[in-house]
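J.:
Residue numbers (our numbering): 126 to 670.
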């Protein structure tokens with residue numbers, strides 16, 4: 126959702142008599158400071174500034190809308206009702222105000238009201254996309270596809286929407302239509318990144334050959350690669366239905382009805398340096414007093430944004446809205462009597478809802494199924510029924526489709542031996558002998574298709590033995606492809622040099638090694654790095670690397 130910024134440039138007349146002149150200087154200051162505080166996540170300060178805006182210009186609908194948006198981001202959904210209702214009365218035709226109000230309806234379990242409000246506004250791509258999101262959340266794939274087509278009529282060059290439409294059409298078993306949209310993507314500029322091009326070509330070839338299962342695999346890989354690119358993110362930002370601003374996103378330009386000039390907030394001069402500011406104390410997260418033992422992100426409730434599972438070791442759930450964290454454990458408790466030293470979200474049963482896997486302080490593994498309840502959703506402990514209650518000394522669990530049968534298997538690492546549980550897709554798992562071919566101890570693992578053969582490979586980091594790369598060999602499981610004369614306690618796979626092949630960063634407390642993939646799956650030492658206990662990758666400065 127965009128944030129509103131405005132400047133009153135006229136004096137409005139009421140019942141034929143002149144109003145008290147607006148103090149435009151104070152109005153500009155209040156609105157600008159309010160928006161800056163909102164962007165920084167200082168929601169209490171933003172609230173006070175927008176209240177000043179309303180006091181100075183009570184008939185400006187955008188002041189009320191900004192206040193309502195601030196309440197939404199703070200999780201104060203009841204408080205958001207009144208200012209958004211006032212904003213709607215002042216400007217019922219505003220798409221921006223309608224989008225914020227509809228978002229409030231969706232967050233408070235009123236999708237029908239959200240749909241009715243949005244449907245009254247025509248010819249706006251953002252409105253159509255919001256309607257599409259409501260259809261997606263309701264599970265109506267046909268209606269979802271229809272709304273995405275409507276978005277494309279209004280935003281014809283939108284890469285993200287075109288890929289989303291191809292994805293849903295393949296799920297609806299419409300290969301010809303899927304192929305047509307992928308052909309459009311192939312022709313669009315800028316071209317897909319080179320690491321994504323082979324998967325686009327393979328998906329199209331599979332569709333032409335009538336092999337839908339292979340097309341599904343290749344399209345999923347294409348989507349994962351495309352979703353993090355600047356062109357995809359930029360096109361999604363043009364239509365996306367969100368709660369707050371994104372860095373670099375324009376804020377609102379002009380509203381002729383209230384004769385308000387609007388401007389964006391400059392990010393300031395480019396100093397060439399990226400800095401981070403600790404905002405933990407302002408985020409709504411509690412001071413745990415002790416180090417966190419487990420952390421996981423996932424949109425388990427499908428309400429539009431990721432949620433946080435945080436343990437210390439007692440586990441709690443937080444809803445995340447615009448950078449603010451609200452404890453929602455009372456609404457959806459976690460049956461983890463021993464807390465958690467590790468946790469992750471994964472949809473192990475392919476029902477479209479994220480479940481939780483955790484390892485408790487008691488050494489047990491816990492599988493919590495996300496199920497429908499009378500008052501919404503709840504997590505149900507199904508560890509015993511699933512057959513994975515024994516964590517076998519593991520400290521981490523990774524979910525990945527090791528056998529390419531369409532469901533997520535479980536890889537347990539950090540114990541005396543690495544363990545693989547095969548998903549039977551009936552709610553149960555089977556422990557594979559000898560780790561399905563990965564028969565060694567491992568403190569961590571990273572997975573991906575390192576040799577480009579379309580099968581998952583696994584890099585095992587072992588602080589007790591030596592690291593190794595295991596190649597997926599289809600029905601035969603895994604075979605050791607590359608033994609490495611190095612030890613590490615954690616590993617992460619990523620294409621660090623953007624050459625289309627997955628590399629590996631393996632780190633131990635004494636130091637780490639960046640292993641370069643030559644394209645065939647052979648790993649060559651590229652660089653020595655500092656030591657550590659964990660590693661992760663992200664493009665924090667948006668330079669494509």
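Note that beta-carbon positions come from the ideal geometry of N, C-alpha and C, so glycine has one too. Treat the numbers as computed from the prediction; the structure is a model and nothing was measured.
(1) Quick check on the burial criterion: 16 or more other C-beta atoms within 10 angstroms. Buried or exposed for residue 582?
(2) Using the Cβ count rule (16 or more neighbours within 10 Å means buried), how would you classify residue 573?
(3) Keeping to the same chain, check which residues put their C-beta closer than 8 angstroms to that of residue 539; ignore five residues upstream and five downstream.
(4) What does a CB cutoff of less than 6 angstroms around residue 373 pick up in its chain, not counting 5 residues either side in sequence?
(5) Ignore the nearest five residues each way along the sequence and tell me which others in residue 393's own chain have a CB closer than 6 angstroms to its CB.
(6) Mind reading off the beta-carbon distance from residue 191 to residue 159? Whole number of angstroms is fine, and I expect it under 8 angstroms.
(7) Please find out if some non-hydrogen atom of the ligand MG comes closer than 7 angstroms to the beta-carbon of residue 276.
(8) Using 10 angstroms around the beta-carbon of residue 658, count the other beta-carbons present and answer buried if the total reaches 16, otherwise exposed.
(9) Between residue 242 and residue 227, how many whole angstroms is the CB-CB distance? I'm expecting something under 8 angstroms.
(10) Should the stretch 409 to 422 be called in touch with the stretch 430 to 438, which here means at least 3 C-beta pairs below 8 angstroms?
(11) Within this structure, are the beta carbons of residue 656 and residue 632 separated by less than 8 angstroms?
(12) Tell me which same chain residues have a C-beta within less than 8 angstroms of the C-beta of residue 337, skipping the five on either side of it?
(13) Please determine, among 232, 590, 182 and 176, the residue with the shortest C-alpha to C-alpha distance to residue 202.
(14) Fully enclosed by the stretch 225 to 255, which alpha helix (DSSP H) runs are 4 residues long or longer?
(15) In whole angstroms, give me the CA-to-CA distance for residue 364 and residue 251.
(16) On the premise that residue 585 lies in contact with residue 561, defined as a C-beta separation below 8 angstroms, what is that separation, rounded to the nearest angstrom?
(17) Closer than 8 angstroms is the cut-off here; do at least three beta carbon pairs connect the stretch 277 to 297 with the stretch 344 to 351?
(18) Mind reading off the beta-carbon distance from residue 471 to residue 554? Whole number of angstroms is fine, and I expect it under 8 angstroms.
(19) Roughly how many angstroms separate the alpha carbons of residue 314 and residue 454, rounded to a whole number?
(20) May I have a chain-ordered list of the beta strand (DSSP E) segments no shorter than 3 residues that lie completely inside the stretch 484 to 553?
(21) If I measure Cβ to Cβ from residue 478 and keep anything under 6 angstroms in the same chain, skipping five residues before and after, which residues do I get?
(22) Which of the three DSSP states, helix, strand or coil, is assigned to residue 442?
(23) Residue 439 to residue 308, Cα distance in whole Å?
(24) Going by the beta-carbon positions, is the gap between residue 272 and residue 253 smaller than 8 angstroms?
(25) Taking residue 99 as the reference, which of 498, 464, 468 and 469 has the closest Cα?
(26) Enumerate, from N- to C-terminal direction, the unbroken beta strand (DSSP E) stretches of 3 or more residues contained entirely within the stretch 609 to 670.
(27) Taking buried to mean at least 16 other C-beta atoms within 10 Å of its own C-beta, is residue 475 buried or exposed?
(28) With a cut-off of 8 angstroms, do at least 3 Cβ pairs link the stretch 635 to 652 to the stretch 606 to 621?
(29) If you compare alpha carbons, which of 319, 326, 185 and 321 is closest to residue 305?
(30) For the alpha helix (DSSP H) holding residue 150, just list the boundary residues, first then last.
(31) Report yes or no: do three or more beta-carbon pairs, one from the stretch 495 to 510 and one from the stretch 523 to 537, lie closer than 8 angstroms?
(32) In the DSSP assignment, find the alpha helix (DSSP H) that holds residue 476 and state where it starts and stops.
(33) Looking only at its own chain, which residues have a Cβ that is under 8 angstroms from the Cβ of residue 644, when we skip the five neighbours before and after it?
(34) Do you know offhand how far residue 511's Cα is from residue 430's?
(35) Whole-angstrom Cβ separation of residue 609 and residue 593, contact assumed at under 8 angstroms?
T.: According to the structure data:
(1) Buried.
(2) By the Cβ-count criterion, residue 573 is buried, with 16 or more other Cβ atoms from all chains shown falling within 10 Å of its own Cβ.
(3) Cβ within range, chain order: 518, 519, 520, 521, 567, 568 and 569.
(4) With a pLDDT of 27 at residue 373, under the threshold of 50, the modelled position of this residue cannot be trusted, and the question is left open.
(5) Bear in mind that the predicted position of residue 393 carries a pLDDT of just 43, short of 50, making it too unreliable to give a figure here.
(6) At roughly 6 angstroms, the Cβ-Cβ gap stays under 8 angstroms, so residue 191 and residue 159 are in contact.
(7) In the structure shown, the ligand MG is absent, as is every other ligand, since no ligand is present at all.
(8) Per the 10 Å Cβ criterion, exposed.
(9) Contact holds; Cβ gap of about 5 angstroms.
(10) For the pair of segments examined, the stretch 409 to 422 was found to touch the stretch 430 to 438: the number of CB pairs separated by less than 8 angstroms reaches three.
(11) Closer than 8 angstroms, so yes.
(12) Only 295, 298, 300 and 331 meet the Cβ criterion.
(13) Nearest of 232, 590, 182 and 176 to residue 202, Cα basis: 232.
(14) Taking only runs of at least 4 residues, the alpha helix (DSSP H) segments lying wholly in the stretch 225 to 255 are 236 to 244.
(15) Near 4 angstroms, if we compare the C-alpha coordinates of residue 251 and residue 364.
(16) The pair is not a contact, with the Cβ atoms about 12 angstroms apart (cut-off 8 angstroms).
(17) Between the stretch 277 to 297 and the stretch 344 to 351, the count of C-beta pairs closer than 8 angstroms reaches three or more; the two stretches touch.
(18) Actually they are not in contact, since the Cβ atoms of residue 471 and residue 554 sit about 12 angstroms apart, beyond 8 angstroms.
(19) Rounded to the nearest angstrom, the gap between the Cα atoms of residue 314 and residue 454 is 45 angstroms.
(20) Counting only runs of 3 or more, we get 490 to 498, 501 to 506, 521 to 525, 534 to 538 and 544 to 548.
(21) If you ignore the 5 residues before and after residue 478, its C-beta comes within less than 6 angstroms of the C-beta of 495, all in its own chain and listed in chain order.
(22) In the displayed model, residue 442 falls within a strand according to three-state DSSP.
(23) About 50 angstroms.
(24) Yes; because the gap between Cβ atoms is below 8 angstroms, this pair is in contact.
(25) Outside the displayed range of the chain (126 to 670) lies residue 99, so it cannot be described from this structure.
(26) Secondary structure in the stretch 609 to 670: the beta strand (DSSP E) runs of 3 residues or longer, each lying completely within the stretch, are 615 to 619, 628 to 633, 636 to 642 and 648 to 654 in chain order.
(27) When all chains shown are included, residue 475 counts as exposed.
(28) Segments in contact, yes.
(29) Here the closest residue by C-alpha is 326.
(30) It spans 149 to 165 - the alpha helix (DSSP H) in which residue 150 sits, taken as one unbroken run.
(31) Judged by Cβ distances under 8 angstroms, the stretch 495 to 510 makes no contact with the stretch 523 to 537, as fewer than three pairs qualify.
(32) Note, residue 476: premise wrong, no alpha helix (DSSP H); not H, not E.
(33) The answer, listed in chain order, is 577, 624, 625 and 626.
(34) It is roughly 29 angstroms from the alpha-carbon of residue 511 to the alpha-carbon of residue 430.
(35) Contact flag correct, Cβ pair sits at about 6 angstroms.
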